[in-house]
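Engineer: This structure is in structure tokens; I'll ask about it shortly.
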Amino acid sequence: MNPLLVRSENTERMLNLRRKISNHLVTALAVVATLVVLVPLIAILGYLLYKGFSSLNLAFFTKPPAPVGEEGGGMANAIVGSGVILALASAMGIPLGIGAGVYLAEYGRGTWLATAIRFTADVLNGVPSIVMGIAAYSLIVAKQHHFSGFAGGVALAIMMVPTITRTTEEMLGTVPQMVREAALGLGIPKWRTVISISLRTASPGIITGCMLAFARVAGETAPLLFTALGNQFFGVNLNQPMAALPLQIFAYAVSPYDEWHRLAWAGALVLIVMIMVSVTLVRIFTARGALKGGQH
Amino acid sequence: MGVDIRVENLNAWYGTTQSLWDINLNIPANKATALIGPSGCGKSTFVRCLNRMHETNPIARAEGVVRMGDIDIYKDASPVEIRRRIGMVFQRPNPFPTMSIYDNVASGLKLNGFRKKRVLDEVVEKSLKSAALWEEVKDSLHKKSGASLSGGQQQRLCIARALAVDPEVLLMDEPASALDPVSTAKIEDLIFKLKSQYTIVIVTHNMQQAARVAENTGFFLTGKLVEFAPTTKIFTNPSDKRTEDYITGRFG
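Protein chains in written order, with numbering that gives the first Met the number 0: chain A, 0 to 295; chain B, 0 to 251.
This is the structure we're talking about:
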């Protein structure tokens, strides 16, 4: 052994002790950090359950809001409206977002256009949601001279695109180049390689990105204020103002009536559960058929 | 059946760096041809020019004539068509991680729109048998992912996958360099068997490997083909001083 590396037994013991202490310290810090994150989350969810659950009944899911002064009523229109608007936003935002991400990762590497798109996506990601609402307002609502569920869907879609684009790009970037080369080397055309090899290999991460974007816009209120507006009546016509859970929660929460406050709590609970259920369903659905073994 | 490859005045670049200089070489059909040389000498670039994989790198470029049988691969056919006829096995095993063993082997056909299950079943079995992997995986074809196999099995899976599209030429870029000696021996046995049906070009760092499997050997140095001759001649009586220095271990 190199004589310069020899230490006295005492020093050795001290160092060992220090290593043990710092090991425990770091573990403890990690546990504390996890608790600090978890406690508020669980508290919010618990409070929501406590406040919202008691106001849930069949009418909440089947009836539109009761007129002011009348008891009862529900949020059926807002639940359906949120579903319709989110479906529309996903139908537009997910393919566009993934398409742009595929361009960035597979076709546009190093081009000025890709750099411009990447920069735009990052800026859009940071734009406050109310600005998206105003954008959709001036693009659609002002032109059509009326509010509509369609405009709401567009506003949310615009919000989804940058997140999905960037996650898709990042996830495609983690697919090893040699996997692409394997496909090209078999005489598989590039477009087919992108769809069946790159996207398929990266799909768990891309799906996570889509779910994050979905969950984020599902609770958005501001972009809908200027677009879908809200509606006291049941309707699925995309050309009409449409109710949505966040809008209804907002309207009821700022109202002076206790009954409406209770409904707002219930609405918030339903919104959270809707998001959790849809994310879980997508996870279960996409995990089916996955193979055991391998690095993924 | 294999087909011969004739290369005339092939030059290749990465960006502004020229990595191959005026390569002229005839690769005979149904024989194994080894390419040896120190790292960075251009042998990998050379084989990638033979199936037009070189050009998948956006900054890469190649000039010259490569003929496979009667066709000029840079003029008479699309890269996709060429790569179907000239298969490739890479240095590191690269099975498709999300696919089962079966789908890995069938991928070349399936992703080119071929769907007849009965024929696919037959091709998968035949290819896995040719790659000496069938006995080890026949019970888990659909259950296991290609990535769950051992390194040596993965490489044979990649060979099976390349054979499944029925190429005429098989390019192997250091196919055994990431494998243990037992797996390497299996791959070498395989090359021996396969050359009755395919023209094989194998890049290798291992000179014993070249001597064991190849009828002809080419020695590359700094992007140039220094010498191309029957393997026995290269290793016993090379014409060029640089070849002799390399094979006797004086540099490289």
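For glycine and all other residues, C-beta sits at the position ideal for the given N, C-alpha and C. Owing to the predicted nature of the structure, the values given are computational and were not obtained by experimental measurement.
1) In the structure shown, what three-state DSSP assignment does Met273 (chain A) receive?
2) Can you give me the C-alpha to C-alpha distance between Val123 (chain B) and Gly186 (chain A), rounded to a whole angstrom?
3) Step through the CB atoms of chain B and report whether any lies within less than 7 Å of the CB of Gly292 (chain A).
4) By the DSSP assignment, the beta strand (DSSP E) with Leu185 (chain A) in it spans what residues?
5) By the three-class DSSP mapping on this structure, what secondary structure does Val65 (chain B) have?
6) Residues of chain A with a CB under 7 Å from the CB of Ser38 (chain B): which are they?
7) For Ile84 (chain A) versus Gly151 (chain A), is the C-beta distance shorter than 7 Å?
8) Give the straight-line distance between the Cα atoms of Leu34 (chain A) and Ala42 (chain A), rounded to the nearest whole angstrom.
9) Alpha carbon to alpha carbon, how far is Lys291 (chain A) from Gln153 (chain B)?
10) From Gln231 (chain A) to Leu224 (chain A), what distance separates their C-alpha atoms?
11) Buried or exposed: which applies to Leu14 (chain A), given that a residue is buried once 16 or more other Cβ atoms fall within 10 Å of its Cβ?
12) For Thr200 (chain A), which residues in chain B fall below 8 Å Cβ to Cβ?
13) Taking Ser106 (chain B) as the query, report the chain A residues whose CB atoms sit under 9 Å from its CB, ordered along the chain.
14) Please check if any C-beta of chain B sits within less than 7 Å of the C-beta of Val305 (chain A).
15) Pull the bridge partners of Met171 (chain B) from the DSSP assignment, please.
16) Please list, in chain order, the residues of the segment 161–186 of chain B that have any C-beta partner in chain A closer than 9 Å.
17) Name the one or two DSSP bridge partners that Gln17 (chain B) has.
18) Contact between the segment 174–194 of chain B and the segment 32–42 of chain B: three or more CB pairs below 8 Å?
19) At what residues does the alpha helix (DSSP H) containing Lys115 (chain B) begin and finish?
20) Distance check for Ala217 (chain A) and Val278 (chain A), CA to CA, integer angstroms please.
21) Does the pairing of the segment 119–139 of chain B with the segment 208–223 of chain B give three or more beta-carbon distances under 8 Å?
22) Could you list the residues in the segment 106–122 of chain A with a C-beta less than 8 Å from some C-beta on chain B, going in chain order?
23) So if DSSP puts Pro229 (chain B) in a beta bridge, which residue, or which two residues, is it bridged to?
24) If the cut-off is 8 Å on Cβ atoms, which residues from the segment 128–141 of chain B count as contacting chain A, listed in chain order?
25) Below 6 Å, is the gap between the Cβ of Glu173 (chain B) and the nearest heavy atom of the ligand COA?
26) Can you list the alpha helix (DSSP H) stretches of 4 or more residues lying completely in the segment 36–68 of chain A, in chain order?
27) In the segment 215–242 of chain B, which residues sit with their C-beta less than 9 Å from some C-beta in chain A, listed in chain order?
28) Closer than 7 Å, Cβ to any Cβ of chain B: which residues of the segment 198–227 of chain A, in chain order?
29) Let me check one thing: in DSSP terms, what residues is Thr32 (chain B) bridge-paired to?
30) Going by DSSP, name the residue or residues bridged to Arg5 (chain B).
31) Classify Lys42 (chain B) as buried or exposed, calling it buried when 16 or more other Cβ atoms lie within 10 Å of its own Cβ.
32) From Glu237 (chain B) to Gly248 (chain B), what distance separates their C-alpha atoms?
33) Which chain A residues sit within Cβ distance under 8 Å of Asn50 (chain B)?
34) What does DSSP give as the partner residues of Met297 (chain A) in its beta bridges?
35) Given this structure, state the Cα-to-Cα distance separating Ser53 (chain A) from Gly71 (chain A), to the nearest angstrom.
36) Residues bridged to Gly72 (chain A) by DSSP?
Structural biologist: This is what the structure holds:
1) Looking up residue 273 (chain A) in the first sequence gives position 274. Helix at Met273 (chain A).
2) Against the second sequence, residue 123 (chain B) aligns to sequence position 124. Against the first sequence, residue 186 (chain A) aligns to sequence position 187. Rounded to whole angstroms, Val123 (chain B) to Gly186 (chain A) spans 17 Å at the Cα level.
3) Here residue 292 (chain A) is taken as the residue at index 293 of the first sequence, counted from 1. For Gly292 (chain A), the predicted model reports a pLDDT of 43, less than 50, meaning its position is unreliable and no value from the coordinates is stated.
4) Along the first sequence, one-based indexing puts residue 185 (chain A) at 186. Neither: Leu185 (chain A) is in no beta strand (DSSP E) and is coded neither H nor E.
5) On the second sequence, position 66 is the one that residue 65 (chain B) refers to. In the structure shown, Val65 (chain B) sits in a strand (DSSP, three-state: E or B).
6) Translated into the one-based positions of the second sequence, residue 38 (chain B) becomes position 39. At a beta-carbon threshold of 7 Å, none of the residues of chain A lie near Ser38 (chain B); the nearest stands roughly 18 Å away.
7) Within the first sequence, residue 84 (chain A) is the residue found at index 85, counting from 1. Within the first sequence, residue 151 (chain A) is the residue found at index 152, counting from 1. Gly151 (chain A) is positioned such that its CB atom lies closer than 7 Å to that of Ile84 (chain A).
8) Locating residue 34 (chain A) in the first sequence gives position 35, where the first residue counts as 1. Locating residue 42 (chain A) in the first sequence gives position 43, where the first residue counts as 1. Spanning the two alpha carbons is a distance of roughly 12 Å.
9) Counted from its first residue, the first sequence places residue 291 (chain A) at position 292. Counted from its first residue, the second sequence places residue 153 (chain B) at position 154. Bear in mind that a pLDDT of 47 at Lys291 (chain A), under 50, signals an unreliable position, so the number given afterwards is only what the model happens to contain. Using only the alpha carbons, I get a separation of about 16 Å.
10) If you number the first sequence from 1, residue 231 (chain A) lands on position 232. If you number the first sequence from 1, residue 224 (chain A) lands on position 225. C-alpha separation (whole angstroms): 14 Å.
11) Position 15 of the first sequence, counted from the start, is the residue given in the question as residue 14 (chain A). Using a 10 angstroms sphere on the CB of Leu14 (chain A), the tally of other CB atoms stays under 16, which defines it as exposed.
12) For this step, residue 200 (chain A) is matched to residue 201 along the first sequence. Under the 8 Å cutoff, chain B gives Phe95, Pro96, Thr97.
13) Here residue 106 (chain B) refers to the residue found at position 107 of the second sequence. Residues of chain A with a Cβ closer than 9 Å to the Cβ of Ser106 (chain B) are, in chain order, Ala181, Ala182, Leu185, Ile187, Ser195, Ile196.
14) Past the edges of chain A, shown from 0 to 295, lies residue 305 (chain A), and the structure says nothing about it.
15) Sequence index remark: in the second sequence, residue 171 (chain B) carries index 172 (1-based). Paired residue(s): B:Val88, B:Ile201.
16) Ala161, Ala163, Val164, Pro166, Leu170
17) Residue mapping note: residue 17 (chain B) aligns to position 18 of the second sequence, counting from 1. Answer is B:Trp12.
18) no
19) The residue labelled residue 115 (chain B) in the question sits at position 116 within the second sequence. Unbroken run through Lys115 (chain B): none, as it is neither H nor E.
20) As a first step, residue 278 (chain A) must be located in the first sequence, where it is residue number 279. As a first step, residue 217 (chain A) must be located in the first sequence, where it is residue number 218. Computed Cα separation, rounded: 11 Å.
21) no
22) Shown in chain order are the members of the segment 106–122 of chain A whose Cβ falls below 8 Å from a Cβ of chain B: Arg108, Gly109.
23) The residue labelled residue 229 (chain B) in the question sits at position 230 within the second sequence. DSSP, once it has assigned bridges, lists B:Asn215 as partnering Pro229 (chain B).
24) If the cut-off is 8 Å between Cβ atoms, the segment 128–141 of chain B has nothing near chain A.
25) For the ligand COA, the structure offers nothing, since it holds no ligand at all.
26) 57–61
27) none
28) Arg199, Thr200
29) Mapped onto the second sequence, residue 32 (chain B) falls at position 33. Bridge partners of Thr32 (chain B): B:Val200, B:Asn215.
30) For the purposes of this step, residue 5 (chain B) is taken as the residue at position 6 of the second sequence. Answer by DSSP bridge pairing, in chain order: B:Asn25, B:Arg66.
31) Along the second sequence, one-based indexing puts residue 42 (chain B) at 43. Result: buried.
32) Along the second sequence, one-based indexing puts residue 237 (chain B) at 238. Along the second sequence, one-based indexing puts residue 248 (chain B) at 249. Here residue 237 (chain B) is Pro; the residue named in the question, Glu, does not match the sequence. Distance between the alpha carbons of Pro237 (chain B) and Gly248 (chain B): 14 Å.
33) The count along the second sequence starts at 1 and reaches residue 50 (chain B) at position 51. By Cβ distance, chain A contributes Gly184.
34) Missing from the structure shown is residue 297 (chain A); chain A here goes from 0 to 295 and no further.
35) Taking the first residue of the first sequence as position 1, residue 53 (chain A) is located at position 54. Taking the first residue of the first sequence as position 1, residue 71 (chain A) is located at position 72. The alpha-carbon separation between Ser53 (chain A) and Gly71 (chain A) amounts to approximately 13 Å.
36) Taking the first sequence and counting its residues from 1, the one referred to as residue 72 (chain A) is at position 73. Per DSSP, A:Pro64.
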